[in-house]
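Input: a single structure, listed below in structure tokens.
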Amino acid sequence: MNSTDGDINGSTTCAAPLQRTFNVTTAFTVSDVDLGVFATHTWRGDIQVTLVSPTGTSVQLVNGEVNNTNGDNFNVRLNDSGTQVVNTDPLTAAHSTAAPPPFANNFVPNSPLSAFNGEAAFGIWTMQICDLFPSADNGVFRHAELYLTAAPANFADLSLTKTVSNPAPLVGNAIFYTLTVSNDAASPNTATGIEVVDILPPGVNYVSHSGPGIYDPLTGVWNVGALAPGSSAALIINASVTATAGAIITNEAEVTASSEVDSDSTPNNGSNGEDDYDTASFTVGGTRVAGTPPVLVCPNGFSSFDWAGRTWPQGTSANNYTLTGVGAFNWSISSPEGFMDIPSLGGQHPVLTNAAQGTTSLSKAIDFANDTQFATTTISLGTAVDGAQFVVFDVDYAANDFADRLRVYGTHNGVTVIPVLTNGTANYVIGNEAFGDAASDPADPDGNVTITFNNPVDTIFIEYGNHSLAPANPDGQAIQMSGGVTICSAEAYLTVLKSSVILEDPVNGTTNPKAMPGARLRYCILLSNTGTSAAENISASDTLPGDITFLPGTIRSGPGCASSSTVEDDDATGADEADPAGASFSAGVLDYTNTAVIGGTSAAFTFEATIN
767 MNSTDGDING
777 STTCAAPLQR
787 TFNVTTAFTV
797 SDVDLGVFAT
807 HTWRGDIQVT
817 LVSPTGTSVQ
827 LVNGEVNNTN
837 GDNFNVRLND
847 SGTQVVNTDP
857 LTAAHSTAAP
867 PPFANNFVPN
877 SPLSAFNGEA
887 AFGIWTMQIC
897 DLFPSADNGV
907 FRHAELYLTA
917 APANFADLSL
927 TKTVSNPAPL
937 VGNAIFYTLT
947 VSNDAASPNT
957 ATGIEVVDIL
967 PPGVNYVSHS
977 GPGIYDPLTG
987 VWNVGALAPG
997 SSAALIINAS
1007 VTATAGAIIT
1017 NEAEVTASSE
1027 VDSDSTPNNG
1037 SNGEDDYDTA
1047 SFTVGGTRVA
1057 GTPPVLVCPN
1067 GFSSFDWAGR
1077 TWPQGTSANN
1087 YTLTGVGAFN
1097 WSISSPEGFM
1107 DIPSLGGQHP
1117 VLTNAAQGTT
1127 SLSKAIDFAN
1137 DTQFATTTIS
1147 LGTAVDGAQF
1157 VVFDVDYAAN
1167 DFADRLRVYG
1177 THNGVTVIPV
1187 LTNGTANYVI
1197 GNEAFGDAAS
1207 DPADPDGNVT
1217 ITFNNPVDTI
1227 FIEYGNHSLA
1237 PANPDGQAIQ
1247 MSGGVTICSA
1257 EAYLTVLKSS
1267 VILEDPVNGT
1277 TNPKAMPGAR
1287 LRYCILLSNT
1297 GTSAAENISA
1307 SDTLPGDITF
1317 LPGTIRSGPG
1327 CASSSTVEDD
1337 DATGADEADP
1347 AGASFSAGVL
1357 DYTNTAVIGG
1367 TSAAFTFEAT
1377 IN
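Counting the sequence shown from 1 gives a position; the numbering used here is that position plus 766.
Have a look at this one:
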């Protein structure tokens, strides 16, 4: 700890920084380092912090951020396992002036403290603080604490490296990733049960792999096995590039399990500053062209939702419509910030406008407070449809202004459905996300992104915000939802399955009963709708053969044979007929009705009889 005050001003330039030392008198090997720093200072983005070990290793932990970070004071514990990177918190907010400990914030340094891992702790550690603009804002260093963790006596120091074969492949090219996990030669122990997780990111497709152990491409888990001190194992994952030109694809991997304590990292903690975690990135090369959307195949026909002839009152965030064959076609937009009023795009948003490519579209313009916020448009359909296709206009980028990011997904009966996104020339696509990186006017098709759902969907979500090219506080930005949403007409497909089970017989009772006179049976009629549309006003009948006798009062209904527990009486009237299912028995025929069986579900009824 060092609490000797010191000025941070014109005399503490980065060529002659303020220095504070920590004298460590115990000898041990370092496995983890944290540094807490507290200073009162206007415009904390001017502060730069460096730590130097007794062996001379120097790490610049805080680079300073002089353009936007104008909040006052610096009260931070720098920690490789922190919550976020230093100087990315609210840029204009002041840090607490309450004297630590504890420090008010727990942030990841600009360069990892793990650079000191494995060094000797004994000796003088030096912290250097300087002011990047010493002639402007000034302040005072107040307090600092150095936290050193000793390596355990028994451990296996695992590390992971990850590389990619081509830093600039073209779309469609083959690439391969190489993961190498090593147990340091100085480790006293052999590590067993080693697991590494590498889930391939959107933008690449798995092809094959080779190497020791077992790798599951679905879960991304590589069961490495055991590694003795000084040994390593390498896995090669072959993949193909699917992202469009300009896309930056980053693949992360981490050691997630080991039988031994690691001297300088913790498996499966997600800390990118530790040596058991690594990434490999590439940028898709080539000249970008607008993609060709897949053809939407609608075997049962299609219908189209069009904004022409419809109204959306300016500034409203939710409106409900209907579409033939679908029913409800409801729109809602939620945003963490208010919508903008832009006369050239129709006025107060959300609003219908003709400014985008000459067709009526729904425009939403928002001034986000930071680059992590996003707005969500939800399209709720009255019934599931077999597919859908539409275009979002003006997904683009303006330097130091905004960087559009679009993420689209759907659900069908609560299960996530991922669409195909097709890029324009002002954006690139990775999986179900589009990223603007060039300018495009609303009237220009360069900013178009086409969204295609090739699978059944009943709800569509469009998230709109910013990506990494945006400034911390973006300016206003807008996109437009195209006038035409093509919907594949849904179809119900009903199948019927009849089954029976023997419950008991006069000889064996319920123990392994046989089909014989007097035996008691339970029959089940299962109706399954494997289509996407609801099957409505269903009627089914079962004529009993003459060699069995229906047992009154045994009719039950429910979603499946084993779960049919709702009592149905033997006639077609009464309170039991008020729910969706109804049943009756008369003159040897059992009749069953159901108002609707929605797509992807089943309905059943059971009854009992005896063998004559």
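All residues carry an ideal CB built from backbone N, CA and C; glycine is no exception.
Check, Outcome
"What span of residues does the beta strand (DSSP E) with LYS1130 cover, start to end?", "1127-1132"
"GLY977 to VAL930, Cα distance in whole Å?", "16 Å"
"Please identify the residue among ALA1122, TYR913 and ALA999 whose C-alpha is closest to the C-alpha of ASN949.", "ALA999"
"In the DSSP output, what is VAL963 paired with across the bridge?", "VAL987 and GLU1020"
"Does the stretch 1170-1189 come into contact with the stretch 1119-1133, if we say contact requires no fewer than three beta-carbon pairs (one atom in each stretch) closer than 8 Å?", "no"
"Quick one: complete beta strand (DSSP E) runs, 3+ long, within the stretch 845-899?", "871-874 and 889-897"
"Exposed or buried, MET767, counting other C-beta atoms within 10 Å across all chains shown (16 or more means buried)?", "exposed"
"Report the option in GLY1213, PRO1283, PHE1140 and SER880 whose CA atom is closest to the CA atom of VAL799.", "SER880"
"Within 10 angstroms of the Cβ of GLY938, are there 16 or more other Cβ atoms? Answer buried if so, exposed if not.", "exposed"
"Mark PRO1033 as exposed unless 16 or more other C-beta atoms lie within 10 angstroms of its C-beta, in which case mark it buried.", "buried"
"So, under 8 Å CB-CB, ALA1347 and PHE1371 are touching, yes? Tell me the CB distance rounded to an integer number of Å.", "7 Å"
"Please report how far the alpha carbon of GLU1302 lies from the alpha carbon of PHE1373, in whole angstroms.", "23 Å"
"From PHE888 to ASN789, what does the alpha carbon distance come to, in whole angstroms?", "8 Å"
"Give the range of the beta strand (DSSP E) segment to which ASN1166 is assigned.", "Counting along the chain, ASN1166 falls outside any beta strand (DSSP E), and DSSP gives it neither H nor E."
"Going by C-alpha distance, which of ILE1145, THR1149 and TRP988 is nearest GLU1229?", "ILE1145"
"Under three-state DSSP, which class holds ASP1160?", "coil"
"Can you tell me whether VAL1063 is buried or exposed? The criterion is at least 16 other CB atoms within 10 Å of its CB, across all chains shown.", "exposed"
"Grab me the residues of THR1261's own chain with a C-beta within less than 7 Å of its C-beta, minus the 5 sequence neighbours each way, in chain order.", "SER1294 and THR1296"
"Are the CB atoms of ALA1005 and TYR943 nearer to each other than 9 Å?", "yes"
"Are the beta-carbon atoms of ASN1096 and ASP1152 separated by less than 9 Å?", "no"
"Is the beta carbon of PRO918 less than 9 Å from the beta carbon of ALA952?", "no"
"Residues in its own chain within less than 6 Å of GLN1155 by CB, not counting five upstream and five downstream?", "LEU1062, THR1218 and THR1252"
"Rounded to a whole number of angstroms, what is the C-alpha to C-alpha distance between HIS861 and ARG843?", "12 Å"
"Could you tell me whether the stretch 1240-1248 touches the stretch 1103-1117, where touching means 3 or more Cβ pairs closer than 8 Å?", "yes"
"Buried or exposed for SER1305, going by 16 or more other Cβ atoms inside 10 Å?", "exposed"
"Assign LEU1001 to buried or exposed, taking buried as 16 or more other Cβ atoms, counted over all protein chains shown, within 10 Å of its Cβ.", "buried"
"I want to know whether the stretch 1230-1243 touches the stretch 1178-1193 - three or more CB-CB distances under 8 Å.", "no"
"Are the Cβ atoms of THR956 and ALA992 separated by less than 9 Å?", "yes"
"Express the C-alpha separation of ASP1072 and ASN1220 in angstroms, rounding to a whole number.", "20 Å"
"If you measure between the beta carbons of PRO868 and ASP846, is that distance less than 9 Å?", "no"
"If I measure Cβ to Cβ from PHE753 and keep anything under 6 Å in the same chain, skipping five residues before and after, which residues do I get?", "The requested residue 753 does not occur in the structure, where the chain is confined to residues 767 to 1378."
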